[in-house]
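Here is the structure we will look at, set down as structure tokens.
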Ligand SMILES: Cc1ncc(COP(=O)(O)O)c(C=O)c1O
């Protein structure tokens, strides 16, 4: 007999196969390939972080439990909050999962703009819980009025806003997010995913930590995987009111690697200069790419993060496969944006290779 538990398991297995097939490009990648597919930073961690990691490697026989309180305090200080407002995760993925576990359920849907980052909807669907997807507005922002309306109608557990949004690189303006935080139905929580916030210029996309400070039922995801160049180290956190942190905490998986902790601390000690320099580097390369698109008459969504979506006018699954064949791996297709190619902003030479390859394929 197919019990409910087995049925959900079957659904989850089918889903993950479909997701894997969708993410992977069918062609084997040639040597010297350029990876512009998952929005990583083109350089590694800052030198100070590398030195800090080298130093702690020989002490990695220990869990270093004693260091985690001060790590939370340092993260909290970076967003002007208290240590009790922070939950550290193995990348922001882990604490995103914790939020789904704590606030989404069979009668409490996960509500998100669409297309957007898929991890939350995927976990929710794998658990057999409802997901509500609301199309982005015409300027590719989260439609906050509709998100709030759906939360009221369905008894939403969690509203998810990715800002800047992955895959579109567009932003939802601070006043819209503030309106949403102030108009949540009584049982609904707001999760703002700021994985790419360091690439935006404040106050264009004001950070949502201010809403946590003012006591709203808001949680903010941050990661060291993007601008800090530490995707392989797995360091992220969620900032939230202390009572919400306590609800998410039981779903965490112990502590993270001390190597990642020391790397993140060293980067935080470098202060805002590191962020400004890295943001400026990406902004220059991105401006060069948008200028090239305009010259080649390619439309694109105005980018605010370290990636952008270009309208190629062609089926992006076929075009992406052809690009892989030319040694450039782009982002996977994001239906229903079937002609839009998501490209990570890499190093200058990598972008030159991308432009040559795309130019050849589109004969432009
Ligand atoms: C919007 C968004 N949130 C979260 C993540 C997860 O990042 P990590 O777990 O490396 O912090 C990603 C990764 O690509 C992302 O694009």
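Numbering (this note's numbering), first residue to last: 372 to 735. No residue lacks a Cβ here, since even glycine has one placed at the ideal position from N, Cα and C. Owing to the predicted nature of the structure, the values given are computational and were not obtained by experimental measurement.
Host beta strand (DSSP E) of residue i (start-end)
i, result
"residue 668", "Segment: none, residue 668 is in no beta strand (DSSP E) and carries neither H nor E."
"residue 610", "607-610"
"residue 530", "529-533"
"residue 495", "Taken as a continuous stretch (DSSP letters only), residue 495 belongs to no beta strand (DSSP E), being part of the alpha helix (DSSP H) at 490-497."
"residue 570", "Note, residue 570: premise wrong, no beta strand (DSSP E); not H, not E."
"residue 482", "481-485"
When the options are compared against residue i, the one with the closest alpha-carbon
i, options, result
"residue 636", "407, 511, 459, 498", "459"
"residue 653", "524, 690, 721", "721"
"residue 586", "611, 603, 568", "611"
"residue 573", "405, 712, 646, 601", "646"
"residue 649", "641, 666, 598", "598"
"residue 536", "735, 723, 495, 713", "713"
"residue 616", "447, 423, 428, 425", "447"
"residue 463", "419, 551, 426, 624", "624"
"residue 656", "454, 716, 680, 671", "716"
"residue 609", "486, 603, 591, 693", "591"
"residue 550", "514, 475, 474", "514"
"residue 416", "582, 735, 702, 596", "596"
"residue 671", "541, 531, 474", "541"
"residue 665", "681, 651, 675", "681"
"residue 518", "734, 539, 554, 631", "554"
"residue 444", "640, 732, 499, 723", "640"
"residue 630", "411, 410, 432, 396", "432"
"residue 525", "497, 496, 556, 498", "556"
"residue 634", "428, 424, 396, 499", "424"
"residue 667", "730, 675, 578, 487", "730"
"residue 475", "487, 705, 498, 734", "498"
"residue 426", "707, 726, 632, 735", "632"
"residue 570", "546, 643, 558, 418", "643"
Range of the contiguous alpha helix (DSSP H) that encloses residue i
i, result
"residue 629", "629-640"
"residue 504", "Premise fails: residue 504 lies in the beta strand (DSSP E), 502-506, not in any alpha helix (DSSP H)."
"residue 688", "687-696"
"residue 517", "515-525"
"residue 722", "719-733"
"residue 614", "613-619"
"residue 547", "545-553"
"residue 512", "Run containing residue 512: none; DSSP gives neither H nor E here."
"residue 584", "580-584"
"residue 442", "439-449"
"residue 420", "418-428"
Rounded distance between the beta-carbons of residue j and residue i, thought under 8 Å
i, j, result
"residue 548", "residue 521", "Not quite, the Cβ-Cβ distance comes to about 16 Å (not below 8 Å), so this is no contact."
"residue 484", "residue 507", "5 Å"
"residue 413", "residue 613", "Not really, about 37 Å apart at Cβ, beyond 8 Å."
"residue 534", "residue 510", "Actually they are not in contact, since the Cβ atoms of residue 534 and residue 510 sit about 13 Å apart, beyond 8 Å."
"residue 685", "residue 710", "6 Å"
"residue 490", "residue 529", "The pair is not a contact, with the Cβ atoms about 13 Å apart (cut-off 8 Å)."
"residue 567", "residue 408", "Contact flag wrong, Cβ pair sits at about 15 Å."
"residue 588", "residue 451", "So it is not a contact: roughly 18 Å between Cβ atoms."
"residue 605", "residue 628", "7 Å"
"residue 321", "residue 700", "Outside the displayed range of the chain (372 to 735) lies residue 321, so it cannot be described from this structure."
"residue 403", "residue 698", "6 Å"
"residue 619", "residue 473", "5 Å"
"residue 439", "residue 687", "With a Cβ gap of about 43 Å, residue 439 and residue 687 do not count as contacting."
"residue 337", "residue 477", "No statement about residue 337 is possible, as the shown extent of the chain runs from 372 to 735 and does not include it."
"residue 693", "residue 732", "5 Å"
"residue 561", "residue 552", "6 Å"
"residue 543", "residue 512", "4 Å"
"residue 602", "residue 411", "5 Å"
"residue 465", "residue 600", "Actually they do not touch by this definition, with Cβ atoms about 19 Å apart."
Residues that DSSP places opposite residue i in a beta bridge
i, result
"residue 594", "607"
"residue 459", "608"
"residue 564", "533, 592"
"residue 713", "680"
"residue 406", "700"
"residue 476", "479"
"residue 705", "708"
Min CB distance residue i to chain B below 9 Å
i, result
"residue 498", "The structure shown contains no chain B, having only a single protein chain."
Cβ-heavy atom distance, residue i to ligand 3, below 8 Å
i, result
"residue 680", "Among the ligands modelled here, namely ligand 1, ligand 3 does not occur."
task = Output the residues surrounding ligand 1, defined as those with a CB atom closer than 6 Å to any ligand heavy atom, in chain order.
result = 409, 410, 462, 463, 464, 488, 533, 537, 564, 566, 594, 596, 602, 607
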